[in-house]
Amino acid sequence: MTLSIYEFDQVYWAAKFKELGFSDSHVSTFTSKYHKLSCSELSSDFPDYGSQFPRKLHSYLSDQYHDQSSLKIDSLHESSDGSVKFIFETTDGCQIESVLMPERRRTSLCLSSQVGCKRACSFCYTGKMGLKRNLSTAEIVDQYRMVSHWMVQNAEWQKSNKLQLDALVRMRKVNNIVFMGMGEPLDNYDNLSKALNILISPHGFAFPKSKISVSTAGHLEGIKRLTKDFPNLPIALSLHAASVSLRNKIMPINKTWSLIDVLAELRGLQNSGRLKRLLIQYTLIEGVNDGDEEIQGLVQLLSDIDCKLNLIPMNEVGFSRWKSPQVKRIEAIQTMVLEAGIRCMVRYSKAQDIGGACGQLNK
Ligand code: SF4
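Numbering-wise (this note's numbering), the sequence shown opens with residue 281 and increments by one.
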C-alpha cells in the first residue's frame, strides 16, 4: 500500500532523500511542485517530475507514495452569510467538517484536527461526540487542499456571494487558516505540527505563519510545545469563564490545567518574545458567565496581558438550552471591558444557519 505524500513534512523528506543518496535541492523541487500542483488540480497519480528527477528516484517515490486526497466531499452547505460548510468523509467512513468564511477583506478557513473531542466542554456540540480519533497530517492538509481546489473550480460561489468581496477574495484563495473546527488541536500535536510545517514552509504551501491561528481550550503542555516549535504563531485561547469554579464546571480541561497557570504561561511567553498575537475567546451564555462578578473577574484576569478579547454570543444548538444574553446586556459587557482598557469586539459567529458556527460542529 502506498502512503500519501501529504503525511510527511520537509524534515521527513530531507532525511528520506539523504538516505536514498539524493541532495537537498531534490527535496525542495519535490515538495514545491507537489504543493503547487495540489491546489490547482487534485491528481490521483504521482506528480510527473519529468527530467527534473533521476529515473531511479522518481520510480522509487511513485512506488511508495501517492498524491490522492485522503478525503472526499460528502456534502456542502451554503449559508445565507456566504459561508460554506464542507462535510468530508475519510477513507474509514468518519465525517469531519471545515468551514469557509468570506469576510469583507479576507476569506478564512476553519479546519478540524480530530474526529470528535475528549474535552467535553458543556456548551460545545463536538464535545458531545467524545473523541473518535485524531486526524492524520494528510487529513488536516487535505482539508485545505480540497477547499482551495473547490474555490478555484467554483467561481459562481464568488458571484453568488452576498457580500461585497474585495480584490483579495476575488483572487480565490484562503487568506487565513484557523484551527477552530472539530477537536482540541493540541491534543493531536504531532500531526498538527507536521501539517503546520507543510503549510508554512517556503518549499511547501508557503502560507504566512502570521495568518494561521491555533485555538486551544487551555492545553498547557501543548502551548509550551507549540510556542517552542512555532514562535509567534498566533494563539486563540478559549476562556469562557473567569472563575476557577465556573471554568471547572463548563470546561473540564481546567481541572488538568487551571486558567491561572495557562494565563501565567502566556504572559511569560509574551515577555520572552515568543508570543506576539493572543486572542481570547469568551462565549457569552445568559445566566452562566455573563454576570457582573464574572465579567469583573475577566477584566482582572486580562488586565496585565496583551490580548484582544472576542465576545461571542452563544450559538444555540439543539442539545442545549443555553442561550445568548440580550443585545443590551452584550453591549453593556463590551463597554465594561473597553472601559478597563482591554481591546474587545463582539463577534457574531458566521454560518449559524448551517450548523457551522463555533460549538456547532458535530457529525
Ligand atoms: S470547545 Fe473545543 S476543546 Fe471544548 S469540547 Fe469543543 S472542540 Fe473540544
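Glycine included, each C-beta is placed from N, C-alpha and C at the ideal position.
What you are looking at is a predicted structure, and each value in this text was computed from that prediction instead of being measured.
Can R554 and T507 be called in contact, C-beta distance under 8 Å?
As a working mapping, residue 554 is identified with position 274 in the sequence shown. As a working mapping, residue 507 is identified with position 227 in the sequence shown. Yes.
Check whether the Cβ atoms of S518 and A544 sit closer than 8 Å, and answer yes or no.
Here residue 518 is taken as the residue at index 238 of the sequence shown, counted from 1. Here residue 544 is taken as the residue at index 264 of the sequence shown, counted from 1. Cβ atoms of S518 and A544: not closer than 8 Å.
Pull up the distance between the alpha-carbon of Q433 and that of D372, whole angstroms please.
Counted from its first residue, the sequence shown places residue 433 at position 153. Counted from its first residue, the sequence shown places residue 372 at position 92. The straight-line gap from Cα to Cα measures roughly 26 Å.
Return the Cβ separation of A644 and L559 in integer angstroms, given the expectation that the two are a contact with Cβ distance under 8 Å.
Past the boundaries of the shown model lies residue 644; the chain is included only from 281 to 643, so the question cannot be answered.
Can you give me the C-alpha to C-alpha distance between Q444 and L356, rounded to a whole angstrom?
On the sequence shown, position 164 is the one that residue 444 refers to. On the sequence shown, position 76 is the one that residue 356 refers to. Confidence is the limiting factor: at Q444 the pLDDT is only 48, short of 50, which leaves the residue's position unreliable and the question unanswerable from this model.
Is it buried or exposed for K474, if we count other Cβ within 10 angstroms and need 16 for buried?
Mapped onto the sequence shown, residue 474 falls at position 194. Buried.
Express the C-alpha separation of K408 and Q344 in angstroms, rounding to a whole number.
In the sequence shown, the residue the question calls residue 344 occupies position 64. In the sequence shown, the residue the question calls residue 408 occupies position 128. Cα-Cα distance, rounded: 39 Å.
Where in the region 466 to 547 do unbroken runs of the alpha helix (DSSP H), each at least 4 residues long, occur, reported from the N-terminal end onward?
469 to 480, 500 to 509 and 524 to 530
At the level of alpha carbons, what is the spacing between K603 and D422?
In the sequence shown, counting from the first residue as 1, residue 603 sits at position 323. In the sequence shown, counting from the first residue as 1, residue 422 sits at position 142. Taking the straight line from one Cα to the other gives about 34 Å.
Could you give the residue range of the beta strand (DSSP E) that holds G396?
Counting from 1 along the sequence shown, the entry for residue 396 is found at position 116. Looking at the DSSP string, the run of the beta strand (DSSP E) that includes G396 is Q394 to G396.
Beta-carbon separation of S523 and E574 under 8 Å?
Position 243 of the sequence shown, counted from the start, is the residue given in the question as residue 523. Position 294 of the sequence shown, counted from the start, is the residue given in the question as residue 574. Contact flag set, yes.
Excluding the 5 residues preceding and the 5 following W537 in the sequence, name in chain order all residues of the same chain whose CB lies nearer than 8 Å to its CB.
Position 257 of the sequence shown, counting from 1, holds the residue named residue 537. G498, H499, L500 and E501, listed in sequence order.
Can you check which of these residues, P605, D470 and L618, is closest to C587 by C-alpha distance?
The count along the sequence shown starts at 1 and reaches residue 587 at position 307. Comparing Cα-Cα distances from C587 to each of P605, D470 and L618, the minimum goes to L618.
Could you check if C404 belongs to the surroundings of the ligand SF4, using beta carbon to heavy atom distance under 7 Å?
As a working mapping, residue 404 is identified with position 124 in the sequence shown. True, at least one ligand heavy atom lies under 7 Å from that Cβ.
Could you spell out where the beta strand (DSSP E) holding R724 opens and where it closes?
Only positions 281 to 643 of the chain appear in the structure, and residue 724 is not among them; the question remains open.
Can the beta-carbon of D289 be found closer than 8 Å to that of I478?
As a first step, residue 289 must be located in the sequence shown, where it is residue number 9. As a first step, residue 478 must be located in the sequence shown, where it is residue number 198. In this structure, I478 lies closer than 8 Å to D289 by Cβ.
Label V291 either buried or exposed according to how many other C-beta atoms from any shown protein chain fall within 10 Å of its C-beta, with 16 as the threshold for buried.
Numbered from its first residue, the sequence shown carries residue 291 at position 11. With fewer than 16 other Cβ atoms within 10 Å, it is exposed.
In the structure shown, what three-state DSSP assignment does T370 receive?
Counted from its first residue, the sequence shown places residue 370 at position 90. DSSP places T370 in the strand class (E or B) of the three-state scheme.
Taking its Cβ as the centre, do 16 or more other Cβ atoms sit within 10 Å of Q606, making it buried, or is it exposed?
What you label residue 606 is simply residue 326 of the sequence shown in a count that begins at 1. With fewer than 16 other Cβ atoms within 10 Å, it is exposed.
If I622 sits next to L582, beta carbons under 8 Å apart, how far is it from one beta carbon to the other, in whole angstroms?
Stepping through the sequence shown from its first residue, residue 622 is reached at position 342. Stepping through the sequence shown from its first residue, residue 582 is reached at position 302. Going by Cβ atoms, the distance from I622 to L582 rounds to 5 Å, so yes, they are a contact pair.
Would you report the Cα separation of L378 and L391, rounded to the nearest angstrom?
Translated into positions along the sequence shown, residue 378 becomes position 98. Translated into positions along the sequence shown, residue 391 becomes position 111. Inspection of the sequence shows that residue 378 is occupied by Ser rather than by Leu. So the two alpha carbons sit approximately 5 Å from each other.
What span of residues does the beta strand (DSSP E) with R425 cover, start to end?
Position 145 of the sequence shown, counting from 1, holds the residue named residue 425. Here R425 belongs to no beta strand (DSSP E); instead the alpha helix (DSSP H) covers T417 to Q433.
Can you tell me which of G396, T309, L337 and S308 puts its alpha carbon nearest to the alpha carbon of E299?
Position 19 of the sequence shown, counted from the first residue, corresponds to residue 299. Nearest of G396, T309, L337 and S308 to E299, Cα basis: L337.
For a test of the three-state rule: what should DSSP assign to L555, helix, strand or coil?
Within the sequence shown, numbered from 1, the residue matching residue 555 stands at position 275. Looking at L555 - three-state DSSP - the assignment turns out to be coil, as it is neither helix nor strand.
Spatial neighbours of K535 within its chain, please: C-beta separation below 8 Å, excluding the five flanking residues on both sides.
Taking the first residue of the sequence shown as 1, we reach residue 535 at position 255. The answer, listed in chain order, is N528.
Report the residue from Y286, M531 and K608 whose alpha carbon sits nearest the alpha carbon of L476.
Here residue 476 refers to the residue found at position 196 of the sequence shown. For L476, the nearest C-alpha among the options comes from Y286.
Among F485, N468, I613 and Q561, which has the Cα closest to the Cα of G571?
Locating residue 571 in the sequence shown gives position 291, where the first residue counts as 1. The option with the nearest alpha carbon to G571 is I613.
Under the criterion of a Cβ to heavy atom distance below 7 Å, does M594 qualify as lining the ligand SF4?
Reading the sequence shown from its first residue, position 314 is the one you call residue 594. No; taking the cut-off as 7 Å, the Cβ of M594 has no heavy atom of the ligand SF4 nearer than that.
Assuming F366 and V427 are in contact, meaning their beta carbons sit under 8 Å apart, how far apart are those beta carbons, in whole angstroms?
Here residue 366 refers to the residue found at position 86 when the sequence shown is read from its first residue. Here residue 427 refers to the residue found at position 147 when the sequence shown is read from its first residue. Yes, they are in contact, since the Cβ atoms of F366 and V427 sit about 6 Å apart, within 8 Å.
By the DSSP assignment, the alpha helix (DSSP H) with V617 in it spans what residues?
The residue you call residue 617 lines up with position 337 of the sequence shown. Note, V617: alpha helix (DSSP H), V607 to E619.
Following a CB-centred definition, is G463 positioned closer than 7 Å to any heavy atom of the ligand SF4?
Within the sequence shown, the letter at position 183 stands for residue 463. Because some heavy atom of the ligand SF4 lies under 7 Å away, the Cβ of G463 counts as near it: yes.
If you follow the beta strand (DSSP E) that E358 is in, where does it begin and where does it stop?
To locate residue 358, count along the sequence shown from 1; it is residue 78. Here the beta strand (DSSP E) through E358 covers L351 to E358.
Skipping 5 residues on each side, what residues in its chain have a beta carbon closer than 7 Å to that of F302?
Within the sequence shown, residue 302 is the residue found at index 22, counting from 1. Excluding positions up to five away in sequence, the list reads L337.
Kindly list the residues whose CB is nearer than 6 Å to the CB of E369, restricted to its own chain and excluding five residues on each side of it in sequence; keep chain order.
Within the sequence shown, numbered from 1, the residue matching residue 369 stands at position 89. Excluding positions up to five away in sequence, the list reads K352, D354 and Q375.
Note the first and the last residue of the continuous beta strand (DSSP E) segment covering E573.
Taking the sequence shown and counting its residues from 1, one reaches residue 573 at position 293. Counting along the chain, E573 falls outside any beta strand (DSSP E), though it belongs to the alpha helix (DSSP H) covering D572 to L582.
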